[in-house]
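Throughout the sequence shown, residue numbering follows the working numbering, covering 44 to 526 in sequence. Step one of this worksheet: look at the structure below.
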Amino acid sequence: MMRVYGAIVKLVLTSLSLMVVSGVSADVYIQCPGDLDGDGVIDNTGDPFHQEHPNAVCRSITGGDGYINMADTTVTGGTRGRQLYMFGFADVTGVAPADVIETATTGAWFPGPKIEVAEGDELFLSLTNVGMAGRPDLDDPHTVHWHGYPDAAPIFDGLPDVSISIHMGGTLTYYYNANNPGTYMYHCHVEATEHMQMGMLGSLYVTAAQDNLQDGTDLNGFTHHDGYSYAYNDGDGSTYYDVDYPLQLASFDPEFHDASESTQPLPFAMMNDTYPLLNGRGYPETLIPGPLANTANGILSQPEDALISAFQGDKVLLRLSNLSITQFFTIISPQAPMKIVGTGAHQLVGTNGADLSYMTNSVTMGGGQAFDAIIDTAGLDPGTYFIYTSNLNNLSNNTEARGGIMTEIRILDPVLADLALASDPDEAANVQLSPNLALAAARAALAEQGVVIGSNADWLAERNLKLAERDRLFSDRDQLLNP
Ligand SMILES: [Cu+2]
Numbered sequence: 044m045m046r047v048y049g050a051i052v053k054l055v056l057t058s059l060s061l062m063v064v065s066g067v068s069a070d071v072y073i074q075c076p077g078d079l080d081g082d083g084v085i086d087n088t089g090d091p092f093h094q095e096h097p098n099a100v101c102r103s104i105t106g107g108d109g110y111i112n113m114a115d116t117t118v119t120g121g122t123r124g125r126q127l128y129m130f131g132f133a134d135v136t137g138v139a140p141a142d143v144i145e146t147a148t149t150g151a152w153f154p155g156p157k158i159e160v161a162e163g164d165e166l167f168l169s170l171t172n173v174g175m176a177g178r179p180d181l182d183d184p185h186t187v188h189w190h191g192y193p194d195a196a197p198i199f200d201g202l203p204d205v206s207i208s209i210h211m212g213g214t215l216t217y218y219y220n221a222n223n224p225g226t227y228m229y230h231c232h233v234e235a236t237e238h239m240q241m242g243m244l245g246s247l248y249v250t251a252a253q254d255n256l257q258d259g260t261d262l263n264g265f266t267h268h269d270g271y272s273y274a275y276n277d278g279d280g281s282t283y284y285d286v287d288y289p290l291q292l293a294s295f296d297p298e299f300h301d302a303s304e305s306t307q308p309l310p311f312a313m314m315n316d317t318y319p320l321l322n323g324r325g326y327p328e329t330l331i332p333g334p335l336a337n338t339a340n341g342i343l344s345q346p347e348d349a350l351i352s353a354f355q356g357d358k359v360l361l362r363l364s365n366l367s368i369t370q371f372f373t374i375i376s377p378q379a380p381m382k383i384v385g386t387g388a389h390q391l392v393g394t395n396g397a398d399l400s401y402m403t404n405s406v407t408m409g410g411g412q413a414f415d416a417i418i419d420t421a422g423l424d425p426g427t428y429f430i431y432t433s434n435l436n437n438l439s440n441n442t443e444a445r446g447g448i449m450t451e452i453r454i455l456d457p458v459l460a461d462l463a464l465a466s467d468p469d470e471a472a473n474v475q476l477s478p479n480l481a482l483a484a485a486r487a488a489l490a491e492q493g494v495v496i497g498s499n500a501d502w503l504a505e506r507n508l509k510l511a512e513r514d515r516l517f518s519d520r521d522q523l524l525n526p
């Protein structure tokens, strides 16, 4: 224990000294054991710092501002709906330190980068505050707070009143031991009502150590095999899943965002969230696979779709969370019942070991609540099923009806899906391409054509590349569904 605290103190002191330096140059300084060039990627596991932290995992994110589009295209008449100014996080893991500020300025995402770590990992999560270029009068700091996480060290808990917050140009590497599996969420805790309404939210989960048992291990009659995953260390395979999806609920008030962009008094008391969102999108954009580019600067600011695909027979784990600061939401799945196996990052088991999981078609979530819901598709025919909110006013994109919190579960015939995948062996890798890597690839492709990112014209070219990539993912997905 002392060793751990010693390491924490050392990290904090080094971070503080680096924060002072970072104001001087455009570089950012992050800490990642075995990362030799400062981009947040482990280069050398033989490095002495890494040998001290063999289970180290590194992520590098930024806090700042940016733009997002809502889904009300009928109202706006365009390909994207109403554009909103926002605050948010972005992933810069793999970006060279000298390029972080430029990459992430007005480059915020919503929701923030999904953070997934395995039980036993030590996460070195670096947060750089790139400032808010759209609001040069603001000098707000940012933090990362792991909501509901039971044992974050107070110094890394992100409450600005009692710990460190990160000012513009500064970087702090947060340090966490991932020792409690479950579904969490994270957000900025600085002026929380404002910064959360503006978009500083993200999904966070810790996968269970039970995933790494030896092949053939008996779990009270359930046989574990390599590649099996569980929501919790259940001891009996009852939280087994084949595929998991985050479904993060949130909502935006367009008048609040517009007031923020135009430096007007913020209407806290009149807050009225009329854009209900699932992974940062209203229906039907929840179904568009891959990241979406915004209309302000072409940045892929909406990284996460909410389309749920599974082969018939799969068990699908939905990691449901609500980070709305104004509303409860009820999610229903009328045709495909859900088994709730956990809430608040705790498996539903009594102190005497009794199974407290339950079957339901409906989950109601207050702000800050998370649920782990498993849908068993074994009894469902291949086809499309719907998940949506029963709060009818939340089935809209502001004034446009037929939107809001709704998505689809597409259950594929395993035989047909295998055929489609076999015809394109790169398919799996392409679908996994992260927004961050897609952006880097787009930049590299443009650089080869002699186009330097920076001017508006170049952004348009880059955006077109991204849209082409999105269309390609779209057609691949269609082919998979209708081979
Ligand atoms: Cu903030």
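Backbone N, C-alpha and C fix where the C-beta goes; we use that ideal spot for every residue, glycine too.
Once DSSP output is grouped into helix, strand and coil, what is the label at residue i?
{"i": "Gln-378", "result": "coil"}
{"i": "Pro-457", "result": "helix"}
{"i": "Gln-94", "result": "helix"}
{"i": "Ser-272", "result": "strand"}
{"i": "Val-138", "result": "coil"}
{"i": "Pro-308", "result": "coil"}
{"i": "His-389", "result": "strand"}
{"i": "Met-313", "result": "coil"}
{"i": "Gly-155", "result": "coil"}
{"i": "His-190", "result": "strand"}
{"i": "Ser-303", "result": "helix"}
{"i": "Val-143", "result": "helix"}
{"i": "Ser-400", "result": "coil"}
{"i": "Asn-525", "result": "coil"}
{"i": "Asp-204", "result": "coil"}
{"i": "Val-84", "result": "coil"}
{"i": "Val-71", "result": "coil"}
{"i": "Thr-236", "result": "helix"}
{"i": "Leu-476", "result": "In this predicted model, Leu-476 has a pLDDT of only 36, less than 50, meaning its place in the structure is not dependable enough to derive any value."}
{"i": "Ile-368", "result": "coil"}
{"i": "Pro-179", "result": "coil"}
{"i": "Thr-266", "result": "strand"}
{"i": "Glu-347", "result": "coil"}
{"i": "Leu-435", "result": "helix"}
{"i": "Asp-258", "result": "coil"}
{"i": "Pro-334", "result": "coil"}
{"i": "Ser-281", "result": "coil"}
What are the residues that DSSP puts in a beta bridge with residue i?
{"i": "Ser-169", "result": "Ser-103, Thr-216"}
{"i": "Val-249", "result": "Val-160, Gly-225"}
{"i": "Pro-76", "result": "DSSP, once it has assigned bridges, lists no residue as partnering Pro-76."}
{"i": "Arg-362", "result": "Pro-289, Asp-415"}
{"i": "His-185", "result": "Ile-209"}
{"i": "Met-129", "result": "Gly-109"}
{"i": "Ala-421", "result": "According to DSSP, Ala-421 bridges with nothing at all."}
{"i": "Phe-429", "result": "Glu-451"}
{"i": "Thr-373", "result": "Thr-407"}
{"i": "Ala-353", "result": "Ile-454"}
{"i": "Ile-383", "result": "Tyr-401, Ala-416"}
{"i": "Asn-395", "result": "Answer by DSSP bridge pairing: none, since Asn-395 is not bridged."}
Less than 7 angstroms between CB atoms is the rule here; does residue i satisfy it with respect to chain C?
{"i": "Arg-102", "result": "In the structure shown, chain C does not exist; there is a single protein chain."}
**OP:** Could you tell me whether the region 263–274 touches the region 228–238, using the rule of 3 or more Cβ pairs below 8 angstroms?
**Re:** no
Subject >> Beta carbon shell of ligand 1 at less than 5 angstroms from a heavy atom >> reply: His-185, Cys-231, Val-233, His-238, Met-243
**OP:** Mind the definition here: the region 150–159 touches the region 96–108 only if three or more C-beta pairs lie below 8 angstroms; say whether that holds.
**Re:** yes
Subject >> Sufficient close CB pairs (3 or more, under 8 angstroms) joining the region 221–228 to the region 108–117 >> reply: no
Original post:
Is it true that the region 123–133 meets the region 214–222, where meeting means three or more beta-carbon pairs spaced less than 8 angstroms apart?
Top reply: no
Original post:
Would the region 379–389 and the region 301–317 be scored as touching if the rule is three or more Cβ pairs under 8 angstroms?
Top reply: no
Original post:
With contact counted as at least three CB pairs below 8 angstroms, one residue from each stretch, are the region 412–426 and the region 352–362 in contact?
Top reply: yes
Original post:
With a cut-off of 8 angstroms, do at least 3 Cβ pairs link the region 366–382 to the region 290–310?
Top reply: yes
**OP:** Inspect the CB distances between the region 138–158 and the region 332–342 and report whether three or more fall short of 8 angstroms.
**Re:** yes
**OP:** Please confirm if the region 300–313 is in contact with the region 424–443, defined as three or more CB-CB distances below 8 angstroms between the two stretches.
**Re:** no
**OP:** Kindly confirm or deny that the region 71–90 and the region 113–126 touch, where touching means at least three C-beta pairs closer than 8 angstroms.
**Re:** no
Original post:
Three or more C-beta pairs closer than 8 angstroms, one from the region 173–180 and one from the region 391–403: is that the case here?
Top reply: no
Original post:
Can at least three beta-carbon pairs, one atom from the region 202–219 and one from the region 180–193, be found at a separation below 8 angstroms?
Top reply: yes
Original post:
Hey, is the region 342–357 in contact with the region 119–126, meaning 3+ C-beta pairs nearer than 8 angstroms?
Top reply: no
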